[in-house]
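This report refers to the structure that appears directly beneath it.
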Ligand code: GDP
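In our numbering, the protein residues as written are 110 to 570.
Right under this line is the structure:
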C-alpha cells in the first residue's frame, strides 16, 4: 500500500475535500498556495504535507497547528484539504454540475488594491454556474496604507476580535469587494460575520507575503467543508476510481501520461481505464501509477516513484498506452468489475454533456481544457456569436482550413484560449487571411473579436 493514502480508520471513508484557487493574473494565487504549503511545512514535521501530482494535501492536524485554537481536530472528521496546484485551472469546472467534482470548494483570490478584474469576473461566473461554494481571499493587505501589521495581526487568533481590528483604508477596500460581490448577486460579508457559508460568501483579508490571515482562511475552508461537504465526502473507498484529466504529457521513460485528480474510489496498477478524448473514448490498461519522489531522493533516475494502488482524493500520474489522445478536463474511469461498454457509454455521456453545440456557420474556438471550452462556449452564446468548431488543443493548420472556408468573412477567425498556435497554422492563417485571437482572458478574446467584426463591416461599406 502506498504511503500517500490516509490511514485506514473510521474516518477514512470520508475523502479529502478538493480546493481550487482561482483569480486574476498577479493577484497572488501562486503565492498563496506557496504560503499554505510553507506554513504547513513549518508547522508540521517533515512529510507533513504530501506532495501529489498537481495537488498538495494538507492534513487536519497540520491545519489545526496553523490555525491554533480555531480548529480543534476533535471537532472534525474530514482528513484535511487537497489543494490543486495549478492555479486558475479551468478544467475544474467541467464535472461538478454532473454529479462528480474536480473541485469541491474554491478560494477566489482578489488583490485588495486592484479589485475585480476580467479573470475575477470569469472565475465568479464559472463558480456560480458550477455551484461551487467559495470564499474570497482579499490578498495583499500588507500593501494597503494604514494596514498596521502590529495592530492588525495576528488577526487569526480570535474571530470576535477581528471586527475591531481591520480599519481605515483596508476596511474600505474590503467593503468595495463585498459591494462587487453583491452586484453579482451574492450575499457577501466579512467572514467573521458570516454564519452560513453555504449561502453567503465570506471575505477573508490575507497577505500571501506575510502569511497574515492564512490561518483564518484555512479555518474557514475547513469549517465550510466539515459543515456542508461531509455527505458528499462519504465515498466508497474501494470502488472503481473516478477522476478528471488535468494535463496530458509525454514523460521520458514512460511515454504518454495523464495527470489526474482522482476524486472518488481507487485506481490500481493494471486496471483498465476509460479516458475521454476528442474522438472515441480511450480504453487502455494502467502501465504505471506515478507519484513525485521526495526531493531528497531525486538522483539521476526518474522524478517519479511507482505505487501499485491509490485512493481518492489524490493527484496521480497515470502512464498507459494511447494516452496521447486524452483531453485536459475529460473524465477518467476505472472499469474494474463492470462491462467496458457500459463505462465507455458513461464517459461518452459526460463528454456529450460538455460538448459544445456547433452550428453550420461560425467561429473556430480552441482552448486548453474542456472546462475552458465550456466557459468559452457559454460566453460566446451570451454574446450571440456562433461556433462552427470547438476543440481542446493548440491551433493547427486544419483549424485554419475550417476558418478560411467560412461563407461569411466575419467568421474567418479563430479564438484561442490559453493555447499555442502551431507555426504551420500561423503561416497558413497569414496566407488565407484568417485572424487568430489569442488570450488567457475569455472576455478579452470576445472584445477583440467584436472589434474585428466592426473593422470588417466598416471596410465592406
Ligand atoms: P498569480 O498570477 O495570481 O499566481 O500571482 P503571484 O502569486 O505570481 O503574485 C503576483 C505578484 O504579487 C508577485 O510579485 C508576488 O510576490 C506578489 N504578491 C502576491 N501576494 C502578495 C501579498 O500578499 N503581498 C504583497 N506585497 N505582494 C504579493
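A virtual CB, placed ideally from N, CA and C, is assigned to each residue, including glycine.
Predicted model only: the values in this text are computed from it and were never measured.
Looking at residue 191: is its Cβ nearer than 8 Å to the Cβ of residue 127?
yes
Counting only C-beta atoms, is residue 143 closer than 8 Å to chain C at any point?
Any reference to chain C falls outside this structure, which holds one protein chain only.
According to DSSP, what are the bridge partners of residue 401?
413
Below 8 Å, can you find three or more Cβ-Cβ pairs linking the stretch 308 to 325 to the stretch 339 to 352?
no
With DSSP run on the structure shown, which of helix, strand or coil describes residue 383?
Reduced to three states, the DSSP call for residue 383 is strand.
With a threshold of 16 other CB atoms inside 10 Å of the CB of residue 149, please say whether the residue is buried or exposed.
A residue is called buried when at least 16 other Cβ atoms come within 10 angstroms of its Cβ; residue 149 meets this threshold and is buried.
In the DSSP assignment, the alpha helix (DSSP H) including residue 478 goes from what residue to what residue?
Neither: residue 478 is in no alpha helix (DSSP H) and is coded neither H nor E.
Measuring only from the beta carbon, is residue 136 closer than 7 Å to any heavy atom that is part of ligand 1?
yes
Would the stretch 274 to 294 and the stretch 214 to 224 be scored as touching if the rule is three or more Cβ pairs under 8 Å?
yes
So what's residue 325 in DSSP terms, helix, strand or just coil?
If DSSP states are grouped into helix, strand and coil, residue 325 belongs with the helices.
Out of curiosity, what's the CA-to-CA distance linking residue 446 and residue 351?
14 Å
Label residue 537 either buried or exposed according to how many other C-beta atoms from any shown protein chain fall within 10 Å of its C-beta, with 16 as the threshold for buried.
Its Cβ being crowded by 16 or more others within 10 Å, residue 537 is buried.
Sub-8 Å separation of residue 158 and residue 171 beta-carbons:
yes
Find out if the Cβ-Cβ distance for the pair residue 187, residue 335 is shorter than 8 Å.
yes
Segment limits, alpha helix (DSSP H) that includes residue 564:
551 to 569
To the nearest whole angstrom, what separates the beta carbons of residue 499 and residue 467, a pair I think is in contact under 8 Å?
6 Å
Residue 317: beta carbon under 7 Å from a heavy atom of ligand 1?
In this structure, residue 317 has its beta carbon less than 7 Å from a heavy atom of ligand 1.
Check the C-beta distance from residue 470 over to residue 516 and give it rounded, since I have them as a contact under 8 Å.
6 Å
Output needed for residue 457: all residues of its chain with C-beta closer than 7 Å, excluding positions within five of it in sequence on either side, in chain order.
The answer, listed in chain order, is 390.
Should residue 282 be listed as close to ligand 1, given that the test is whether its C-beta is under 7 Å from any heavy atom?
Answer for residue 282: no, Cβ out of range of ligand 1.
Is it the case that the CB of residue 223 approaches a heavy atom of ligand 3 more closely than 7 Å?
Ligands present in the displayed structure are limited to ligand 1, and ligand 3 is not among them.
Considering only their Cβ atoms, is the gap separating residue 528 from residue 477 smaller than 8 Å?
It is a contact, given that the beta carbons lie within the stated cut-off.
For residue 114, collect the residues of the same chain with a Cβ closer than 6 Å to its Cβ; drop the 5 residues on either side in sequence, then sort them by chain order.
The pLDDT assigned to residue 114 is 48, lower than 50, so where the model puts this residue is not dependable; a value taken from the coordinates is nonetheless given after this. Once the five neighbours on either side are set aside, the close Cβ partners of residue 114 are 420.
For residue 314, write down the residues that DSSP places opposite it in a beta bridge.
247
Secondary structure at residue 273, three-state DSSP: helix, strand or coil?
Residue confidence for residue 273 is low, a pLDDT of 48 falling below 50, so the modelled location carries little weight; the figure read from the coordinates is stated next. Helix at residue 273.
Under 8 Å by Cβ, that's how I've got residue 465 and residue 486 pegged, so tell me the actual separation to the nearest angstrom.
4 Å
Run through DSSP, which three-state label would residue 447 get?
coil
Taking residue 217 as the reference, which of 563, 332, 142, 380 has the closest Cα?
Distances from the CA of residue 217 to each of 563, 332, 142, 380 were compared; the closest alpha carbon is that of 142.
Measure from the alpha carbon of residue 356 to the alpha carbon of each residue in 364, 362, 369, then state which is nearest.
Of the candidates 364, 362, 369, the one whose C-alpha sits nearest the C-alpha of residue 356 is 369.
Do residue 513 and residue 543 have their C-beta atoms closer together than 8 Å?
yes
Suppose the cutoff is 7 Å on Cβ atoms and the five residues either side in sequence are ignored; what does the same chain contact list for residue 553 look like?
227
Please tell me whether residue 555 and residue 525 are closer than 8 Å, where the distance is taken between their beta carbons.
no
Which residues in the same chain as residue 430 place their Cβ atom closer than 6 Å to its Cβ, once the five residues preceding and following it in sequence are excluded?
Closer than 6 Å at the Cβ level, and outside the excluded window around residue 430, lie 393.
How far does the beta strand (DSSP E) with residue 423 in it extend, from its first residue to its last?
In the DSSP assignment, residue 423 falls within the beta strand (DSSP E) that extends over 423 to 428.
Any non-hydrogen atom of ligand 1 within 7 Å of residue 248 CB
yes
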